[in-house]
Amino acid sequence: VKHHHHHLCNGNMTGKSSVFFHLSVFPDALPGKSIKSSGARQHLDISTLQKVFSFLLMASDVSVIDGFDNPLSLCLQMFSVAPRRFLPDVKNPCWFEELRGDVSADPYGSNLFGRSFRQIQLIFEQLSGSFTQRLTRHDGRLQRLRCLPYFYIIGQPKCGTTDLYERLRLHPDVRLTPPKEPHWWSRKRFGIIHSGERPQTRFPLDHYLDLFDPVALQIQQSLLGNSSSNIITGEASASTMWDNDAWLYLYGNSTGAEPPSLVQDFIHALQPDTRLIAILRDPVERLYSDYLYFGTANKSALDFHQKVCESLRMFEGCLRDAGLRACVYNSTLNKAMSVRLQVGLYVVFVLDWLSVFSRDQLLVLRLEDHALNPRPSMSRIFRFLSLGALSDQRQRQISKSPVSNPRRASDRDLGPMRPATRELLTLFYSPFSQRLAEVLQDESFTWDL
């Protein structure tokens, strides 16, 4: 491997500190030590947040709050909306929220998701018509039912998340509402509308919760019938697992720095018992699919090869100055690279999620297995989400459904990547996939790289 890669990028990759020496640069990369954070990560818990709230209640001057230099300040609005406990007879995490202000006003009028998506705006228009009839009275106060997702499909892009999501919809106890990918946890709560853009208006938690109101309505109907509810909902933002670029705008990106808090810290603080599903594929194939799907005009196998070489050089440059984890989460580097190399470094993300959630809360699947036969993978998901068994007819329907979001015909015409590109990427990704297979105790996650 050591002297083999240079010709693959036309001799432009220079010096012995090439990215392909990352195992000698990081002798502990394989056991996973360098992958874990160098510093102790701050886990957000409710008791810490309570202290923050008491501080805020004393600080009547808003400028003091703005200057409260702590990632926890991001949680303030979030945790003032969500409860500490969810309703006991409802499988999905739901609670009754007391209504304040003018009940007759359109509750969805200012929702930023409604303003961004026409389809959601139409749903909100329907919901607002029946809003006052849905309210319940408790101790003389009006309340509405609010719900969070029971599960999150957290990643990865171009690994089959859309297909999983659409097949899950076929289970009678699963209710899914648009959009499939709100990207709220990773982007919109910071005001990032599209990946790589500067933050604009932050989407509050209230606006995110509104997305699940159609499901809350169905759950409420089963509760009114004096029965418990087994209905669950979820979402499938494929950025949740890996995209922490927003931290650049919050903390600045100093060399060697790592994000002080990740998306999973916030989800865990709000929903410590949630269920997480990740579907992964051969990272070499994932990168090419990503390029074809998100890439600009003039796509070609040669263009992809050049972009891979250029991005590998950038990543290698970062590794000379900083640790692996710092480079993976380096927002400036991620923006500069013309292909998203970091998204395929699955083991870094898996270990970070497992530093917060227990192993039995994260189900990791391979797209290759799911594509070959969706029935076993869907059965695993249904068991993981404690969903009842399906009738044979439903099972056949789930197996026969067409693949969702396949490769466009125009992109298929470009043909496969060049052998030299495949060789480069295999050299780059294989040590990480080996480590992933060790962490998950499943050899198939090496993808024979």
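Be aware that the sequence shown starts at 1, since it is given in the UniProt record's numbering, and climbs by one per residue.
Even for Gly, the Cβ is constructed at its ideal location relative to N, Cα and C.
8 Å Cβ cutoff met for residue i and residue j
| i | j | result |
| --- | --- | --- |
| A371 | G160 | yes |
| F315 | M417 | no |
| L351 | F428 | no |
| P199 | F113 | no |
| C147 | P88 | no |
| R144 | R134 | yes |
| Q361 | A238 | no |
| E258 | R325 | yes |
| F124 | Y108 | yes |
| L280 | L333 | no |
| R286 | F384 | no |
Alpha carbon of residue i to alpha carbon of residue j, nearest angstrom
| i | j | result |
| --- | --- | --- |
| D243 | D139 | 43 Å |
| T132 | T446 | 54 Å |
| P374 | R100 | 46 Å |
| L302 | I398 | 39 Å |
| H5 | L164 | Low confidence applies to H5: its pLDDT is 49, below 50, so where it sits in the model is not reliable, and the reading given next is rough at best. Distance between the alpha carbons of H5 and L164: 37 Å. |
| A278 | L122 | 31 Å |
| D290 | T136 | 47 Å |
| F349 | P402 | 30 Å |
| L365 | S358 | 17 Å |
| V263 | D206 | 18 Å |
| S110 | L250 | 25 Å |
| S130 | Q218 | 13 Å |
| S433 | Q126 | 47 Å |
| V215 | Y208 | 13 Å |
| Q395 | G388 | 12 Å |
| D273 | A82 | 15 Å |
| S128 | M378 | 35 Å |
| G323 | R407 | 35 Å |
| N320 | Q393 | The displayed chain sequence assigns Arg, not Asn, to residue 320. So the alpha carbons of these two residues sit roughly 56 Å apart. |
| R412 | Y288 | 11 Å |
| E443 | F96 | 46 Å |
| C318 | Q441 | 30 Å |
| S430 | S222 | 50 Å |
| L248 | D369 | 36 Å |
Local Cβ density within 10 Å of residue i, reported as buried at 16 or more and exposed below that
| i | result |
| --- | --- |
| D448 | exposed |
| Y293 | exposed |
| T177 | buried |
| L57 | Only weak support exists for where L57 lies, its pLDDT of 39 falling under 50; the value from the coordinates is given anyway. The residue is exposed, with fewer than 16 neighbouring Cβ atoms inside 10 Å. |
| K158 | buried |
| V103 | exposed |
| P189 | According to the sequence shown, residue 189 is Arg rather than Pro. Counting Cβ neighbours within 10 Å, R189 comes out buried, since at least 16 surround it. |
| C9 | buried |
| D282 | buried |
| R435 | buried |
| L424 | buried |
| D265 | buried |
| T296 | exposed |
| R84 | exposed |
| L224 | exposed |
| K335 | exposed |
| V1 | For V1, the predicted model reports a pLDDT of 35, less than 50, meaning its position is unreliable and no value from the coordinates is stated. |
| D210 | buried |
| M261 | Correcting the residue identity first, residue 261 is Ser in this sequence and not Met. Buried, because 16 or more other Cβ atoms sit within 10 Å of the Cβ of S261. |
| A105 | exposed |
Rounded Cβ spacing between residue i and residue j (contact assumed at less than 8 Å)
| i | j | result |
| --- | --- | --- |
| M241 | I154 | 4 Å |
| F203 | W184 | 6 Å |
| L390 | H171 | 7 Å |
| V328 | L345 | 6 Å |
| L229 | V90 | The displayed chain sequence assigns Ser, not Leu, to residue 229. S229 to V90, Cβ: 5 Å. Contact. |
| N405 | T162 | 4 Å |
| V347 | H268 | No, V347 and H268 are not in contact; Cβ-Cβ is about 20 Å, not under 8 Å. |
Residue i versus the options, residue with shortest Cα-Cα distance
| i | options | result |
| --- | --- | --- |
| K299 | P172, L414 and T421 | L414 |
| S80 | E98, L87 and N92 | E98 |
| C309 | R340, L324 and R325 | R340 |
| V174 | H268, P419 and S386 | S386 |
| residue 450 | P419, V284 and D245 | Given that the chain is displayed from residue 1 to residue 449, the structure contains no residue 450 and the question cannot be resolved. |
| V284 | D321, Q342 and P259 | Q342 |
| I232 | G323, L224 and Q220 | Q220 |
| L168 | P376, A437 and T426 | P376 |
| Q119 | L287, S222, K180 and E197 | K180 |
| Y152 | Q306, D321, G234 and P272 | G234 |
| E166 | T421, P419, K400 and E438 | K400 |
| R422 | L270, A322, R115 and K307 | K307 |
| residue 452 | T201, V439, A322 and S222 | Not covered by the structure: residue 452. The range shown for the chain is 1 to 449. |
| V439 | L363, D369, Y288 and F86 | L363 |
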